[in-house]
Ligand code: F6P
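Numbering (the numbering used here), first residue to last: 626 to 1152.
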């Protein structure tokens, strides 16, 4: 049990001593702090000196990781052990970016060649579409790509498309449909010509109600004979049977495997829209970035290991300071969907109260991830980060170069991110008016890289993937299942006929739900 570990107990008494230390004093007493408490890997620099830690904190957190067997669990993940215990699956998103000549076995079978076969098939398809050689049923080249998917089959593709827009083919239009709300599909295609549009139906299971309903609406929107479907629909899935049942030729299906979790799949065939946007070479560069961070995580000592450090600091704030959230604040407009992407990655992975041994935890797990790009957030919620009553650790992300240099914009942007971290840490204690006092001592990480490119995006995503893994191992939970989403799905499916039935249904829910169903039925206006 985590709370029985010697390092945990040591951290508890250590916390009592450290909680009252102020970053102002920690920096004043240690001029080298700002350069010592840093780490870098693969061109990504992490300054974690503005955290409420001492060298001893880091050492105890690393000890906790070691006592929790983190090193062995990392190897277990990378070598294909079935560490997703509730689904009895291996967890091998790292194999998606393994070098072609490496060997990763599942049930005695090397899975790496299959990964590269799919990548090659994706590349051939993308080259054809990007060259204007993939024609719709009326003979027109494809100009628009609509990705239909939800959760991991949407958030990664949208985030990557936005993040790498600078590198994308601007003659192609990309849209993403995820929500079951008909407005999402309607607005996504409102100005598109179906005869110039390719729909990618992205679903690991190919049974997700939102995706299948949107795919059917897209099929109707195409308004063309059955023979046209093959030219306008491709599928990304692990479920060939359901793909052909839908009417998509499995020759136009890009596969992946049950050892890729939905929220860990943006670098699998689920990234088809990304590859269409940025081209196969850039996609491969992104995979190399992922791989570099994988290798760093697998080999670097925890004291210098970026994902381990970030994961451990997360534990420090969650379990000792009682922080309930982390703000992710990219000072890079192209990363505007990065916080939303991280919400599924972190919260679907680590929002769990049952350990892998089936017991209820007696400590907190998982925190709320949220954020907006800087500087927008500064004019909105930063007030609370600076002067609120809650501790909100922040991850700032900044880059040395703008992809769109424009006058003084980038210097002003970077001055803001550095100033925010400085203000949060050191505050302004000496104002005569209490409302102008900034207590400071508010922790942050600063992630800094030269510029955002496909490889760097891969590194950043892998960094958070492995930080999440680090925490999941210490918390002793299964970071790769998502049973918490099931109950709502079952109840909604049961309720659909009650909403749609022409006759008044017999309702056996609680009185609130019954009442709301009756209200909805009375308000329902469409056929
Ligand atoms: O609702 C949870 C979930 O299973 C996610 O984990 C997943 O990313 C999403 O649904 C979509 O699933 P699929 O790709 O099978 O449509």
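Every residue, glycine too, gets a C-beta built ideally from N, C-alpha and C. Everything numeric in this text was worked out from a predicted model, so none of it was measured.
Contacting residues, own chain, Cβ-Cβ under 8 Å from residue 859 (five flanking each side not counted): Indexing the chain shown from 1 puts residue 859 at position 234. Cβ neighbours of residue 859 beyond the five flanking positions: 750, 823, 824, 825, 826, 873, 877, 878, 879, 897.
Own chain partners of residue 1052 with C-beta closer than 6 Å, once the 5 adjacent residues on each side are dropped: Reading the chain shown from its first residue, position 427 is the one you call residue 1052. Once the five neighbours on either side are set aside, the close Cβ partners of residue 1052 are 1063, 1064, 1065.
Where the alpha helix (DSSP H) through residue 628 begins and ends: On the chain shown, position 3 is the one that residue 628 refers to. From DSSP, residue 628 is part of no alpha helix (DSSP H); its letter is neither H nor E.
Coarse secondary structure for residue 790, derived from DSSP in three states: For the purposes of this step, residue 790 is identified with residue 165 of the chain shown, where counting begins at 1. Here residue 790 sits in helix by DSSP.
Residue 973 beta carbon near the ligand F6P (any heavy atom closer than 7 Å): Residue numbering aside, residue 973 sits at position 348 when the chain shown is read from its first letter. Yes, Cβ of residue 973 sits closer than 7 Å to a heavy atom of the ligand F6P.
Short Cβ contact (8 Å threshold) for residue 770 with residue 833: For this step, residue 770 is matched to residue 145 along the chain shown. For this step, residue 833 is matched to residue 208 along the chain shown. In this structure, residue 833 does not lie closer than 8 Å to residue 770 by Cβ.
Span separating the alpha-carbon of residue 844 from that of residue 768: The sequence position of residue 844 within the chain shown is 219, counting from 1. The sequence position of residue 768 within the chain shown is 143, counting from 1. The straight-line gap from Cα to Cα measures roughly 17 Å.
Alpha carbon of residue 733 to alpha carbon of residue 693, nearest angstrom: The sequence position of residue 733 within the chain shown is 108, counting from 1. The sequence position of residue 693 within the chain shown is 68, counting from 1. Using only the alpha carbons, I get a separation of about 28 Å.
Distance between residue 1125 and residue 1096 (C-alpha atoms, nearest Å): Residue mapping note: residue 1096 aligns to position 471 of the chain shown, counting from 1. Residue mapping note: residue 1125 aligns to position 500 of the chain shown, counting from 1. So the two alpha carbons sit approximately 44 Å from each other.
Contiguous beta strand (DSSP E) assignments of at least 3 residues, all confined to the stretch 765 to 810: 769 to 773, 798 to 802
Where the alpha helix (DSSP H) containing residue 871 begins and where it ends: Working through the chain shown from its first residue, we reach residue 871 at position 246. Its alpha helix (DSSP H) spans residues 865 to 871.
Bridge partners - residue 979, DSSP secondary structure assignment: Translated into positions along the chain shown, residue 979 becomes position 354. BP columns for residue 979 point to 985.
Cβ pair residue 789, residue 899 closer than 8 Å: Position 164 of the chain shown, counted from the start, is the residue given in the question as residue 789. Position 274 of the chain shown, counted from the start, is the residue given in the question as residue 899. In this structure, residue 899 lies closer than 8 Å to residue 789 by Cβ.
Same chain, Cβ closer than 6 Å to residue 1139, neighbours up to 5 away in sequence not counted: Taking the chain shown and counting its residues from 1, the one referred to as residue 1139 is at position 514. So the list reads 1132, once near-sequence residues are dropped.
Secondary structure of residue 625, DSSP reduced to three states: No answer is possible for residue 625: the residues shown for the chain start at 626 and end at 1152.
Proximity test, residue 836 beta-carbon vs the ligand F6P heavy atom, cut-off 7 Å: Numbered from its first residue, the chain shown carries residue 836 at position 211. Flag set: Cβ of residue 836 near the ligand F6P.
Beta-ladder partner(s) of residue 1065, from DSSP: Your numbering for residue 1065 matches position 440 in the chain shown. Residue 1065 pairs with nothing; no bridge assigned.
As assigned by DSSP and simplified to three states, the class of residue 1020: As a first step, residue 1020 must be located in the chain shown, where it is residue number 395. Reduced to three states, the DSSP call for residue 1020 is strand.
Proximity test, residue 1110 beta-carbon vs the ligand F6P heavy atom, cut-off 7 Å: Locating residue 1110 in the chain shown gives position 485, counting from the first residue. Yes.
Given 8 Å, three or more beta-carbon pairs between the stretch 1106 to 1113 and the stretch 937 to 955: no
Environment of residue 1037 [buried if 16+ CB atoms lie within 10 Å]: In the chain shown, counting from the first residue as 1, residue 1037 sits at position 412. With fewer than 16 Cβ atoms within 10 Å of its Cβ, residue 1037 is classed as exposed.
Residues near residue 659 by beta carbon distance below 6 Å, same chain, minus five either side: Start at 1 with the first residue of the chain shown, and residue 659 comes out as number 34. The answer, listed in chain order, is 674.
Inter-residue CB distance, residue 1024 and residue 1075 (contact presumed, cutoff 8 Å): For the purposes of this step, residue 1024 is taken as residue 399 along the chain shown, with counting starting at 1. For the purposes of this step, residue 1075 is taken as residue 450 along the chain shown, with counting starting at 1. That belief holds up - the Cβ atoms of residue 1024 and residue 1075 are roughly 7 Å apart, short of 8 Å.
Continuous alpha helix (DSSP H) assignments of at least 4 residues falling wholly in the stretch 718 to 771: 737 to 755
DSSP beta-bridge partners of residue 994: Position 369 of the chain shown, counted from the first residue, corresponds to residue 994. Answer is 951.
Residue 892 (DSSP reduced to helix, strand or coil): As a working note, residue 892 is residue 267 in the chain shown. Reduced to three states, the DSSP call for residue 892 is coil.
Start and end residues, beta strand (DSSP E) containing residue 860: Walking along the chain shown from the start, residue 860 turns up at place 235. Residues 858 to 862.
Under 8 Å between C-beta atoms of residue 829 and residue 778: Taking the chain shown and counting its residues from 1, one reaches residue 829 at position 204. Taking the chain shown and counting its residues from 1, one reaches residue 778 at position 153. Result yes, Cβ atoms of residue 829 and residue 778 sit closer than 8 Å.
Beta-carbon gap between residue 976 and residue 1109 smaller than 8 Å: Residue 976 sits at position 351 when you count from the first residue of the chain shown. Residue 1109 sits at position 484 when you count from the first residue of the chain shown. A contact, by the Cβ cut-off of 8 Å.
Within 8 Å, strictly: CB atoms of residue 911 and residue 1079: Your numbering for residue 911 matches position 286 in the chain shown. Your numbering for residue 1079 matches position 454 in the chain shown. The answer is yes: Cβ separation under 8 Å.
Residue(s) in a DSSP beta bridge with residue 672: The residue you call residue 672 lines up with position 47 of the chain shown. Answer by DSSP bridge pairing, in chain order: 663, 1071.
Reduced DSSP category for residue 815 - H, G, I as helix; E, B as strand; rest coil: Within the chain shown, residue 815 is the residue found at index 190, counting from 1. Reduced to three states, the DSSP call for residue 815 is coil.
Separation of residue 974 from residue 1170, as counted between CA atoms: Absent from the model: residue 1170. The displayed extent of the chain is 626 to 1152, so no value can be given.
Nearest-angstrom Cβ-Cβ length linking residue 676 and residue 938, presumed shorter than 8 Å: Residue mapping note: residue 676 aligns to position 51 of the chain shown, counting from 1. Residue mapping note: residue 938 aligns to position 313 of the chain shown, counting from 1. Yes, they are in contact, since the Cβ atoms of residue 676 and residue 938 sit about 6 Å apart, within 8 Å.
Identity of the residue in 1011, 1105, 950, 936 nearest residue 1088 by Cα: Here residue 1088 corresponds to residue number 463 of the chain shown, with the count starting at 1. Cα-wise, what sits closest to residue 1088 is 936.
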